[in-house]
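Structure first, commentary second.
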Amino acid sequence: AELTQTIDKVGCDLVVSGTPIDLGRLIKTNKRILRVTYELEEIGSPDLNEVLREF
Numbered sequence: 719a720e721l722t723q724t725i726d727k728v729g730c731d732l733v734v735s736g737t738p739i740d741l742g743r744l745i746k747t748n749k750r751i752l753r754v755t756y757e758l759e760e761i762g763s764p765d766l767n768e769v770l771r772e773f
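Take a look at the structure:
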């Protein structure tokens, strides 16, 4: 409910969603939700594992 309210209040025409799940199937909002995918290509150091190890 909070996510839907937040999205509905935003002054935009489109929401770009890069989440692993399809938000458009889970929530009903007054904004169009565009689902995108991405891949991570690690180049050089530090890599993702090294960065996350610090946490």
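Counting in this note's numbering, the sequence shown runs from 719 upward without gaps.
Cβ atoms here follow ideal geometry from the backbone N, Cα and C, with glycine treated the same way.
Cβ-Cβ separation, L758 to L732 (assumed contact under 8 Å), whole Å: L732 to L758, Cβ: 24 Å. No contact.
Beta-carbon contacts of D740 that lie in its chain and below 8 Å, excluding the five residues immediately before and after: R753
L758, DSSP secondary structure in three states: coil
4 or more residues per run - each alpha helix (DSSP H) lying fully within the segment 725-760: Fully enclosed alpha helix (DSSP H) runs of 4 or longer: 741-744.
Boundaries of the alpha helix (DSSP H) in which E712 is found, first to last residue: The structure shown does not extend to residue 712, since the chain is modelled only from 719 to 773, so the question has no answer here.
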